[in-house]
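Residue numbers (my numbering): 12 to 302.
Glycine is no exception: its CB is placed at the ideal position from the N, C-alpha and C atoms.
Notes to accompany the following structure.
If you want it as structure tokens, here you go:
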């Protein structure tokens, strides 16, 4: 016959049960607190791009993800059509096909895109850090109706920014830093890729010294300091290079620069001309054209 448990034994068992319940309750509380803190951390440390795309529709096409407002689904078709043009143009210019993931985000107001990019007076930008193209196209309503002129400018805007993406990917493939290339070369190749070379005109502009168009800071300061269009000058700098040495010169300059991480040496190796001599000749030519 089994003996009855003693009073001490009963109290001991009851205590153990109570301690177990307290332990489990405390563990559950800790888990709850951990989840709460994790949620707060994720919310506070979400990337700006993640926050930006919340609430937007997403459409995936090949290597790109298009983010757009629910009532602006037409942007998907417009982006895909522009992408096909951009791939052909960039392959012709850079001789490189980029297929890394890329986000295309349509901003709904000008202030937001300027704050995100940290640049004033823009309708588009490419971020190598975020692997994204941000767009705020002009004449939005007319573009959604696919009117001819707004559609043309949207295509050139998209091709320009996509050219930046391909440029960076090509440079990364060389395992060199993009900053070894002056910004006039970055922007000039993007502009030249976006606009058909046959559209080159004799628009007037004051020639800015090349050294004032080298870094991002130089570029932003020149946009406000000089009463001229720095994008236009950079376009014509590439235009003149192509006229002199052929369209392969862009690829050749990039390839030669990558060997030494010196743009001036890569330029001279690819063209047979010193960069300073090209600048002087460019300045004389366009001063003459501008009267």
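Rounded C-alpha distance that separates residue i from residue j
i, j, result
"residue 247", "residue 134", "21 angstroms"
"residue 159", "residue 112", "30 angstroms"
"residue 265", "residue 198", "14 angstroms"
"residue 297", "residue 190", "27 angstroms"
"residue 200", "residue 81", "34 angstroms"
"residue 272", "residue 188", "8 angstroms"
"residue 58", "residue 74", "21 angstroms"
"residue 95", "residue 245", "25 angstroms"
"residue 226", "residue 233", "10 angstroms"
"residue 299", "residue 292", "11 angstroms"
"residue 280", "residue 130", "34 angstroms"
"residue 221", "residue 295", "14 angstroms"
"residue 89", "residue 119", "16 angstroms"
"residue 219", "residue 87", "38 angstroms"
"residue 231", "residue 241", "9 angstroms"
"residue 50", "residue 62", "A caution first: residue 50 carries a pLDDT of 46, below 50, which makes its placement in the model too unreliable to give a value."
"residue 103", "residue 257", "12 angstroms"
"residue 99", "residue 151", "26 angstroms"
Cβ neighbours of residue i in the same chain (closer than 6 angstroms, five flanking residues each side left out)
i, result
"residue 141", "60"
"residue 78", "64, 67, 69, 116"
"residue 139", "179"
"residue 71", "none"
"residue 153", "161"
"residue 146", "117, 135"
"residue 114", "76, 143"
"residue 85", "155"
"residue 277", "264, 267, 268"
"residue 3", "This structure does not reach residue 3, given that the chain is present from 12 up to 302, and the question cannot be answered."
"residue 91", "72"
Bounding residues of the beta strand (DSSP E) (the contiguous stretch that carries residue i)
i, result
"residue 71", "68-72"
"residue 221", "Here residue 221 belongs to no beta strand (DSSP E), and DSSP marks it neither H nor E."
"residue 137", "135-138"
"residue 192", "It is not in any beta strand (DSSP E) - residue 192 carries neither H nor E in the DSSP assignment."
"residue 114", "113-117"
"residue 78", "75-79"
Supposed contact pair residue j and residue i - C-beta distance, whole angstroms, cut 8 angstroms
i, j, result
"residue 162", "residue 83", "Rounded, the Cβ-Cβ distance is 15 angstroms, inconsistent with contact."
"residue 185", "residue 97", "Wrong, their Cβ atoms sit about 21 angstroms apart, outside the cutoff."
"residue 203", "residue 224", "Between residue 224 and residue 203 the Cβ distance is about 15 angstroms, and since that is not below 8 angstroms, they are no contact."
Chain-order list of residues whose beta-carbon lies under 7 angstroms from that of residue i (same chain, five-residue window excluded)
i, result
"residue 205", "167, 170, 171, 174"
"residue 275", "286"
"residue 262", "105, 106"
"residue 137", "144, 172, 175, 176"
"residue 284", "none"
"residue 260", "252, 253, 281, 282"
Proximity below 9 angstroms, CB of residue i to CB of residue j
i, j, result
"residue 132", "residue 125", "yes"
"residue 192", "residue 252", "no"
"residue 282", "residue 243", "no"
"residue 149", "residue 127", "no"
"residue 101", "residue 93", "no"
Residue span of the alpha helix (DSSP H) that contains residue i, given as start and end
i, result
"residue 261", "260-271"
"residue 91", "85-105"
"residue 283", "From DSSP, residue 283 is part of no alpha helix (DSSP H); its letter is neither H nor E."
"residue 249", "241-256"
"residue 170", "159-185"
"residue 127", "121-128"
"residue 153", "151-155"
"residue 59", "59-64"
Close-in-space but distant-in-sequence residues of the same chain around residue i (CB under 8 angstroms, 5 per side omitted)
i, result
"residue 157", "85, 89"
"residue 181", "105, 107, 109, 265"
"residue 183", "189"
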